[in-house]
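Quick notes on the structure that follows.
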Amino acid sequence: MAKPDYENYTIAELLDCREQIDKQAWPERYQEILKHIAIRQQDPEQKRVHDEIVFANFCQALSYELSCSIDDNLWPLLKVFSKSARNSQPAAFEDKVCPVCSGELDVSHKWGRWKVICHPCDIGYAFQENHQANLW
Ligand SMILES: [Zn+2]
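With my numbering as the guide, the letters of the sequence shown map in order to residues 23 to 158.
Structural data, given as structure tokens:
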């Protein structure tokens, strides 16, 4: 297999490679991918694209986690009936920080829709409980 020409990859493709690559089998390629991602991030525009992709992937994982846990599925219902639960968040959101700046996330839930916002990064992501997720 010829060595991929990471130079010509877009930031999205590089991030995709980072997720897909078998680190054990291809440690040098993995390092090369990281290096190219770091180089791209020096460009503010590329950095923005990078941050949005990272944030979107993070929220997708979160929405998956949310829909996998029975307790969390009950949570929106519980919230209506329980005073103490009203200000709490489901376990999927506990200890979660912004994947970009490690800052606190602003999580809200309304009409079956989750909104995850990082104010310092100015990135927001919304997803339905049924998994449909959209960057906005
Ligand atoms: Zn952030």
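Even glycine gets a Cβ: it sits at the ideal position worked out from N, Cα and C.
The structure displayed is predicted, hence computed values, not measured ones.
Those residues placing their Cβ nearer than 6 Å to any heavy atom of ligand 1 are, following chain order, C120, V122, C123, G125, C140, P142, C143.
Comparing C-alpha distances from F149 to each of P142, S89, K69 shows the shortest one belongs to S89. Every alpha helix (DSSP H) of 4 residues or more that sits fully in the segment 24–66 is shown, in chain order, as 33–42, 49–62.
For L127 and D73, the gap between their C-alpha atoms comes out near 15 Å. If you ignore the 5 residues before and after K69, its C-beta comes within less than 8 Å of the C-beta of R62, Q63, all in its own chain and listed in chain order. Under the three-state reduction of DSSP output, V122 falls in the coil class, being neither helix nor strand.
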